[in-house]
Amino acid sequence: AQSVTQLDSQVPVFEEAPVELRCNYSSSVSVYLFWYVQYPNQGLQLLLKYLSGSTLVKSINGFEAEFNKSQTSFHLRKPSVHISDTAEYFCAVISDTGRRALTFGSGTRLQVQP
Amino acid sequence: DTGVSQDPRHKITKRGQNVTFRCDPISEHNRLYWYRQTLGQGPEFLTYFQNEAQLEKSRLLSDRFSAERPKGSFSTLEIQRTEQGDSAMYLCASSSQGNQPQHFGDGTRLSIL
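Residue numbers (this note's numbering), protein chains in the order written: chain F, 1 to 114; chain Y, 115 to 227.
Below, the structure is given as structure tokens:
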């Protein structure tokens, strides 16, 4: 079984400031990692994925995340946030054992203030 | 790619009634998933189909819940004798083979009066 911990339930930040949303996971087997973003009254949109290869993955809108196997972490970062980044962010893992269920963290609410 | 489509977007019903939700996955995706999300929480896995076969079910899926994907295309999730605790957002997702990511619909929000 695996679990995901998102340590911060809310992160307030001013516009154009950097931000880091933390994600740690626990698993007895290898995992694949994802970040999803959810805007109010909408479903989840894939932001980033780590399947293999380079441990630093980047999105088209300036977010990046780094897979750290020794720390079992997959923190999400952005050097300069915009008002439009205000949303709920979910970290998720899936094992490579063949089970298809995503295990999600409880989410981090990013609140960007002007 | 028209995305994952879910219907209805909102459903309000009285306790004890039956409800059915529909999910249309991305057309070339053979895998389909149902999740439930309660307020302030991340989604929780309910069940998974590969084509028409239901391959995995969570313990959350009580005997009042049933899901089908009869022709390997759209899927339905039915809840019988709804209870207050069933109030949640029900999310559908689909994916292709391998470890490709799951793509989610906008969900059906169920409110039990």
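All residues carry an ideal CB built from backbone N, CA and C; glycine is no exception.
A quick note: this is a predicted structure, and the numbers were derived from the prediction, not measured.
For residue i, which residues in the same chain have their Cβ closer than 8 Å to its Cβ, ignoring the five residues on either side in sequence?
| i | result |
| --- | --- |
| F:Gln111 | Gln10, Val11, Pro12, Val13, Thr86 |
| Y:Asn144 | Gln164, Asn165, Gly186, Ser210, Gln211 |
| F:Ser30 | Ser95, Asp96 |
| Y:Lys125 | Val133, Phe135, Thr222, Arg223, Leu224, Ser225 |
Is the beta carbon of residue i sitting closer than 8 Å to the one on residue j?
| i | j | result |
| --- | --- | --- |
| F:Pro79 | F:Pro18 | yes |
| F:Thr108 | F:Gln2 | no |
| Y:Gln216 | Y:Ser208 | yes |
| F:Ser106 | F:Gln42 | no |
| F:Leu51 | F:Tyr32 | yes |
| F:Phe120 | F:Phe67 | Residue 120 of chain F falls outside the range modelled here, since chain F spans only 1 to 114, and no answer is possible. |
| Y:Phe188 | Y:Asp138 | yes |
Would you please state the rounded distance, in angstroms, between the beta carbons of residue i and residue j? I believe it to be under 8 Å.
| i | j | result |
| --- | --- | --- |
| Y:Gln155 | Y:Arg136 | Between Y:Arg136 and Y:Gln155 the Cβ distance is about 24 Å, and since that is not below 8 Å, they are no contact. |
| Y:Ala202 | Y:Thr127 | Actually they are not in contact, since the Cβ atoms of Y:Ala202 and Y:Thr127 sit about 13 Å apart, beyond 8 Å. |
| Y:Leu174 | Y:Arg150 | 7 Å |
| Y:Leu146 | Y:Cys206 | 7 Å |
| Y:Thr161 | Y:Ser172 | 7 Å |
| F:Lys49 | F:Phe34 | 5 Å |
| F:Val81 | F:Glu20 | 11 Å between Cβ atoms; not a contact. |
Using a C-beta cutoff of 8 Å, does residue i count as contacting chain Y?
| i | result |
| --- | --- |
| F:Arg99 | yes |
| F:Lys49 | yes |
| F:Leu102 | yes |
| F:Phe90 | yes |
| F:Ser80 | no |
| F:Ser95 | no |
| F:Ser84 | no |
Which residues in the same chain as residue i place their Cβ atom closer than 7 Å to its Cβ, once the five residues preceding and following it in sequence are excluded?
| i | result |
| --- | --- |
| Y:Asp200 | Ile193, Leu224, Ile226 |
| F:Ser27 | Gln2, Val93, Ser95 |
| Y:Arg178 | Ile193, Gln194, Arg195 |
| Y:Ile140 | Asp115, Gly117, Val118, Ser208, His217 |
| F:Gly98 | none |
Suppose the cutoff is 6 Å on Cβ atoms and the five residues either side in sequence are ignored; what does the same chain contact list for residue i look like?
| i | result |
| --- | --- |
| F:Gln45 | Val37 |
| F:Ile60 | none |
| Y:Thr190 | Thr134, Arg136, Glu182 |
| Y:Pro157 | Tyr149, Gln151, Leu205 |
Taking Cβ positions only, does residue i come closer than 8 Å to chain F?
| i | result |
| --- | --- |
| Y:Leu146 | no |
| Y:Gln131 | no |
| Y:Asn213 | yes |
| Y:Pro139 | no |
| Y:Gln168 | no |
| Y:Asp121 | no |
| Y:Phe135 | no |
Taking Cβ positions only, does residue i come closer than 8 Å to chain A?
| i | result |
| --- | --- |
| Y:His143 | The structure shown contains no chain A; its protein chains are F and Y. |
Against chain F: residues of the stretch 188-205 of chain Y by CB proximity under 9 Å:
Met203, Leu205
Residues in the stretch 24-53 of chain F having any Cβ partner in chain Y nearer than 9 Å:
Tyr32, Phe34, Tyr36, Gln38, Asn41, Gln42, Gly43, Leu44, Gln45, Leu46, Lys49, Leu51, Ser52
According to a CB-to-CB cut-off of less than 8 Å, which residues of the stretch 146-162 of chain Y neighbour chain F?
So the close ones are Tyr147, Tyr149, Gly154, Gln155, Gly156, Pro157, Glu158, Phe159, Tyr162.
Name, going along the chain, the residues of the stretch 171-188 of chain Y whose beta-carbon falls closer than 9 Å to a beta-carbon of chain F.
Ser172
Chain Y contacts from the stretch 60-71 of chain F (Cβ-Cβ distance under 7 Å):
none
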